[in-house]
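Here is the structure we will look at, set down as structure tokens.
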Amino acid sequence: MAVSERIKVKAGQAAALLLFLGVLEWLVRKRFVSVLVLSPPSAVAMKMLEDLQGRELWTSLQVTAMEFLLAALISFVVGSFFGIVFFRFRIIRSALEPLLLAFYSAPTILLYPVFLTLFGLGSPAVVSMAVVLGSIPIMVNVSVGLAGVEPIFVKLGRSLNAGPWLMFRKVMLPAATPTIFTGLRLGFTYALVAVIAVEFITFSGGLGKLVSWRYFLFDTEGLFSAIAFIILIASLMNRLLQRTEDRIRKRWT
Amino acid sequence: MKKCWIFLTALVGLLTLSVPPPASAQLRTVKIALTSQENMDNLPYFVGMKAGFFKEVGINLEPSYFRGGGDVVRGVTTSATDLAGSAAPSAVFIAASKGEKIKVISSNVGQLLIVWVVKANSPYKSIKDLKGKKVGFSSPGSVTHTTIQAILKTEGMEKDVEIVRAGTPGENWTAVSNGVIDAGWHVSPAVYNLVSKGEARILITASNYIKDYTQSSVAAMEEVIEKNPDMIRNLLKARAKAIKFISENPDKTMSIWAEELKLPIEIIRLAYKDLPKGVYETASPKPESLLGAMREAIGAGGMKEPLDLKKVTDFRFLP
Amino acid sequence: MEELISVKRVSKIFEDSGVNTGGSVEAVGKVDFQVRRGEFVSLLGPSGCGKSTLLDIVAGLEPPTSGEVLIAGQTVKGPHPKTAMVFQSMSVFPWRTALENVEFGIELKGMEKKARRERARQVTQLVGLAGFEDKYPSQLSGGMNQRLAIARALALDPEILLMDEPFGALDEQTRFLMGLELLRIWEETRKTILFVTHSIAEAIQLSDRVLVMSARPSVIREEIPILLPRPRTIETLTTEIATQIERRIWDILKVEAAKGMTPDGR
Numbered sequence: 385m386a387v388s389e390r391i392k393v394k395a396g397q398a399a400a401l402l403l404f405l406g407v408l409e410w411l412v413r414k415r416f417v418s419v420l421v422l423s424p425p426s427a428v429a430m431k432m433l434e435d436l437q438g439r440e441l442w443t444s445l446q447v448t449a450m451e452f453l454l455a456a457l458i459s460f461v462v463g464s465f466f467g468i469v470f471f472r473f474r475i476i477r478s479a480l481e482p483l484l485l486a487f488y489s490a491p492t493i494l495l496y497p498v499f500l501t502l503f504g505l506g507s508p509a510v511v512s513m514a515v516v517l518g519s520i521p522i523m524v525n526v527s528v529g530l531a532g533v534e535p536i537f538v539k540l541g542r543s544l545n546a547g548p549w550l551m552f553r554k555v556m557l558p559a560a561t562p563t564i565f566t567g568l569r570l571g572f573t574y575a576l577v578a579v580i581a582v583e584f585i586t587f588s589g590g591l592g593k594l595v596s597w598r599y600f601l602f603d604t605e606g607l608f609s610a611i612a613f614i615i616l617i618a619s620l621m622n623r624l625l626q627r628t629e630d631r632i633r634k635r636w637t
Numbered sequence: 319m320k321k322c323w324i325f326l327t328a329l330v331g332l333l334t335l336s337v338p339p340p341a342s343a344q345l346r347t348v349k350i351a352l353t354s355q356e357n358m359d360n361l362p363y364f365v366g367m368k369a370g371f372f373k374e375v376g377i378n379l380e381p382s383y384f385r386g387g388g389d390v391v392r393g394v395t396t397s398a399t400d401l402a403g404s405a406a407p408s409a410v411f412i413a414a415s416k417g418e419k420i421k422v423i424s425s426n427v428g429q430l431l432i433v434w435v436v437k438a439n440s441p442y443k444s445i446k447d448l449k450g451k452k453v454g455f456s457s458p459g460s461v462t463h464t465t466i467q468a469i470l471k472t473e474g475m476e477k478d479v480e481i482v483r484a485g486t487p488g489e490n491w492t493a494v495s496n497g498v499i500d501a502g503w504h505v506s507p508a509v510y511n512l513v514s515k516g517e518a519r520i521l522i523t524a525s526n527y528i529k530d531y532t533q534s535s536v537a538a539m540e541e542v543i544e545k546n547p548d549m550i551r552n553l554l555k556a557r558a559k560a561i562k563f564i565s566e567n568p569d570k571t572m573s574i575w576a577e578e579l580k581l582p583i584e585i586i587r588l589a590y591k592d593l594p595k596g597v598y599e600t601a602s603p604k605p606e607s608l609l610g611a612m613r614e615a616i617g618a619g620g621m622k623e624p625l626d627l628k629k630v631t632d633f634r635f636l637p
Numbered sequence: 176m177e178e179l180i181s182v183k184r185v186s187k188i189f190e191d192s193g194v195n196t197g198g199s200v201e202a203v204g205k206v207d208f209q210v211r212r213g214e215f216v217s218l219l220g221p222s223g224c225g226k227s228t229l230l231d232i233v234a235g236l237e238p239p240t241s242g243e244v245l246i247a248g249q250t251v252k253g254p255h256p257k258t259a260m261v262f263q264s265m266s267v268f269p270w271r272t273a274l275e276n277v278e279f280g281i282e283l284k285g286m287e288k289k290a291r292r293e294r295a296r297q298v299t300q301l302v303g304l305a306g307f308e309d310k311y312p313s314q315l316s317g318g319m320n321q322r323l324a325i326a327r328a329l330a331l332d333p334e335i336l337l338m339d340e341p342f343g344a345l346d347e348q349t350r351f352l353m354g355l356e357l358l359r360i361w362e363e364t365r366k367t368i369l370f371v372t373h374s375i376a377e378a379i380q381l382s383d384r385v386l387v388m389s390a391r392p393s394v395i396r397e398e399i400p401i402l403l404p405r406p407r408t409i410e411t412l413t414t415e416i417a418t419q420i421e422r423r424i425w426d427i428l429k430v431e432a433a434k435g436m437t438p439d440g441r
């Protein structure tokens, strides 16, 4: 797209957003919508500034961030391990994969009582649920990525008498990187969503709890302020990961 | 000739259909927001609907059940319902403090009917045994929240017990059975289901600590009140009739209750036995009770300063 | 001139893999031939005739069902260090730069970094890609990438190059030019080359000898020496002799190619 076109697109997006916010502002100010349900965007914006300067948001963010980073790390390890196992032992893959995909497509988050029983209320339950959801796309993509390596690369490695470790490190893994990275992006995104969702449901802490708390206390500006921050953080992370993925794909093709 | 008859029959039929039905068959649908269905706060409305008291005054009552006190109030302020039948006063006041023109128009339940239960085989014999343990409440700012805080304070235990948000009675009991919390809140009559099965034991009865507490009230938006004074008056009258019925006809009340909640009659009997006399009120809530609710709302962080009671109540329509 | 490659009564039968062949496939019938040091020999045959399989057997990537392959007198049991292979399809790693790709073979053999870099540069220059060392394969043309594949093989300094239709994916003009490039490299490095192709023109352009193969199961129908002077230019390749050779080969191949057009290859 030409530069002038892109500017037009961005301007159009900004205009649409402003129009939408303007309508919301009008609706609430004129009391067409209850102030317990919606807050005027101007008030939300002010509350967001207030939150940035206060402590509540930052402490909540810290809790969520730590839970997410832990969940992401464990998802990566668990996902990679099982991904490689699935790749090497096709029987295990055939046996377990349908089961895992069932978990993935159903609203697994509703199984949170199971995790509460196992880990009690608090971060461990949050992290474990997030790991279940986050590791599955990684698992699948690692095994698919490795299986999908161009046969010619494998043949090349064989013609050079490459041992299994070198083959894995210098041929299979680099070749599978684009697919694996997509798995990471999906896995981490789901992990973040799961962390906040479980925090919300179980009221254990972090940004999810903040949202829940403010909802119950009718603090509508606070509610939307917290939601806005969550959306910002989630989209920022997704964008960063997507950009990196695009760059990887560009290089690989 | 035949065509003539068909035409005449059709004409007569049309005329009959266009005649308006008799006035008594014309009911006005009134939507009422109530707390979760198993809550006994809702009994007057079940009885009133079943015994036909609302229909007598031309009201077809349509209940909507909400999970928490806050959502009951939201049901009213968003005009999803016309009024609320069992709204916690503190929730009403928080809404009013945000500028919503909602008012308490009558008391509903004038005692605290919530209890806290533990596993029947647990070692806890009295509240003192909960030192260092976890106790559940429904959601922040709710009656269960402020009540447990008040009870613990009375016992001087507010620093020794961890209170945990655990949701509905059902969710609280799941948490207790799984050992996630040690005591969870519950409510009559459903709690007697657990008690009679020998699974749960009531450890704390809120009304032992706090008397004269308006657990829930009837509330409506100012606009609805202004536009429908007769409807409001009639509704409260029918409700009063239902309350009279409850105290005078225990057997019939119990069967209505059992049917509505799909619980066995034995359980209902236990619950009914424990029902304090005069728990359902037709009068206005006591001012101390309302001020107490306001203090709770402030304490929970829902509002900054008390409101003028006159501005958030409207007791003109009490029977 | 010694026999560097000796193929003795090699045959290959692929057992029923249960997919859709409905039985085992006899890819290679009994094949015998030799390649002397410094020769450029082509295996020419219709598509699917098993010539690639035969090359894989010489490369040690496939075990023969019967017979054996000797390289410098040693029986081939796996990829032999005296050989290096160049493949048809894009075998260059998109995630490595041109130079890093050329290094790949010697990297696996454990050559130390500095020496590796030096050797890789030399070979990259040899194939005419000096200046492109830091480019990625996505930035290079198909022909250039194939030259990288050749450079990678040459970096190993093998005595024998086994080339499986390396220019098959290129257009005709590029193919011809790449052929000229290959001959230039061959004359400079004096390697022994066993070259698989289905193009008669290419075989004539490049080889000392052409082994014309039959349809499946492959055997060598005829061995045709290409008695054309080197260097092979457009002029030498369009002479009367060249045309005769071409016609001769085509007559043999015609029959075999036709066989490939019926389902059961008979």
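As they're listed, the protein sequences go chains P, R and S. If you read the first sequence in our numbering, its first letter stands for residue 385, the second for the next number, and so on. If you read the second sequence in our numbering, its first letter stands for residue 319, the second for the next number, and so on. If you read the third sequence in our numbering, its first letter stands for residue 176, the second for the next number, and so on. Every residue gets a Cβ at the ideal spot worked out from N, C-alpha and C, and that includes glycine. All figures in this text were calculated on a predicted structure; none of them were measured in a lab.
- For Pro558 (chain P), at least one C-beta of chain S is nearer than 9 angstroms to its own C-beta.
- The Cβ-Cβ distance between Glu481 (chain P) and Thr566 (chain P) does not fall below 9 angstroms.
- Contact holds between the stretch 476-491 of chain R and the stretch 448-455 of chain R, because three or more Cβ pairs, one in each stretch, are under 8 angstroms apart.
- With a minimum length of 4 residues, the unbroken runs of alpha helix (DSSP H) contained wholly in the stretch 213-262 of chain S fall at 226-234.
- Arg635 (chain P) is a Cβ neighbour of Pro269 (chain S), given a cutoff of 9 angstroms.
- Secondary structure at Val412 (chain P): helix, using DSSP grouped into helix, strand and coil.
- The alpha-carbon of Thr364 (chain S) is positioned some 25 angstroms away from that of Lys310 (chain S).
- In terms of beta-carbon proximity, Thr637 (chain P) lines the interface with chain S, with at least one pair separated by less than 9 angstroms.
- By the Cβ test, the stretch 426-437 of chain R is not in contact with the stretch 442-454 of chain P, since fewer than three Cβ pairs between them sit closer than 8 angstroms.
- Cβ contact annotation for Lys555 (chain R) (same chain, cutoff 6 angstroms, sequence separation greater than five): Pro637, in chain order.
- For Ser389 (chain S), the closest Cβ of chain P is not nearer than 9 angstroms.
- Residues of the stretch 269-292 of chain S with a C-beta less than 7 angstroms from any C-beta of chain P: Pro269, Trp270, Gly280, Leu283, listed in chain order.
- The beta carbon of Val277 (chain S) sits closer than 7 angstroms to those of Ala295, Val298, Thr299, Leu323, Ala326, Arg327, Ala330, all from its chain and outside the five residues before and after it, given in chain order.
- Looking at the backbone, the Cα of Leu336 (chain S) and that of Val216 (chain S) are separated by about 11 angstroms.
- The way I'd put it, the stretch 494-509 of chain P does touch the stretch 587-597 of chain P; three or more beta-carbon pairs between them come closer than 8 angstroms.
- For Trp434 (chain R), there is no enclosing alpha helix (DSSP H); the residue is part of the beta strand (DSSP E) that begins and ends at 432-437.
- Around the beta carbon of Ser609 (chain P), a 10 Å sphere encloses 16 or more other beta carbons of the protein chains shown; the residue is thus reported as buried.
- At a Cβ-Cβ threshold of 9 angstroms, Leu402 (chain S) and Leu381 (chain S) do not count as neighbours.
- The beta carbon of Tyr599 (chain P) sits closer than 7 angstroms to those of Leu607, all from its chain and outside the five residues before and after it, given in chain order.
- Taking 4 residues as the minimum length, the alpha helix (DSSP H) runs contained wholly in the stretch 482-509 of chain R are 487-495, in order along the chain.
- Spatial neighbours of Ser444 (chain P) in its own chain (CB-CB distance under 6 angstroms, excluding positions within 5 residues in sequence) are listed in chain order as Gly590, Leu591, Leu594.
- At a Cβ-Cβ threshold of 9 angstroms, Val261 (chain S) and Met353 (chain S) do not count as neighbours.
- Where Val206 (chain S) is concerned, the enclosing beta strand (DSSP E) starts and stops at 200-211.
- Residue burial is scored here from C-beta neighbours: Trp442 (chain P) has fewer than 16 other C-beta atoms within 10 angstroms and is therefore classed as exposed.
- Taking a beta-carbon distance threshold of 9 angstroms, Arg392 (chain R) counts as an interface residue toward chain P.
- Residue burial annotation: Ser241 (chain S) is exposed, with fewer than 16 other C-beta atoms found within 10 angstroms of its C-beta.
- Cβ neighbours of Glu356 (chain S) within its own chain (closer than 8 angstroms, five residues either side excluded): Val302, Gly303, Arg322.
- Between Leu245 (chain S) and Lys205 (chain S), the gap from beta carbon to beta carbon reaches 9 angstroms or more.
- A straight line joining the alpha-carbon of Lys562 (chain R) with that of Val421 (chain P) spans about 37 angstroms.
- The beta carbon of Arg407 (chain S) lies closer than 6 angstroms to those of Gln380 in the same chain, with the five residues before and after it left out.
- When C-alpha distances from Ala427 (chain P) are compared across P:Ala612, P:Leu616, P:Gly529, the shortest belongs to P:Ala612.
- Across the set S:Ala259, S:Glu201, S:Lys429, the C-alpha of S:Ala259 shows the shortest separation from the C-alpha of Phe370 (chain S).
- Gly285 (chain S) sits exposed, since fewer than 16 C-beta atoms from the chains shown fall within 10 Å of its C-beta.
- Here the stretch 618-629 of chain P does not lie against the stretch 453-473 of chain P, with fewer than 3 beta-carbon pairs under 8 angstroms apart.
- Taking CB atoms only, Ala295 (chain S) has no neighbour in chain P less than 9 angstroms away.
- Collapsing the DSSP output to three states places Asn546 (chain R) in coil.
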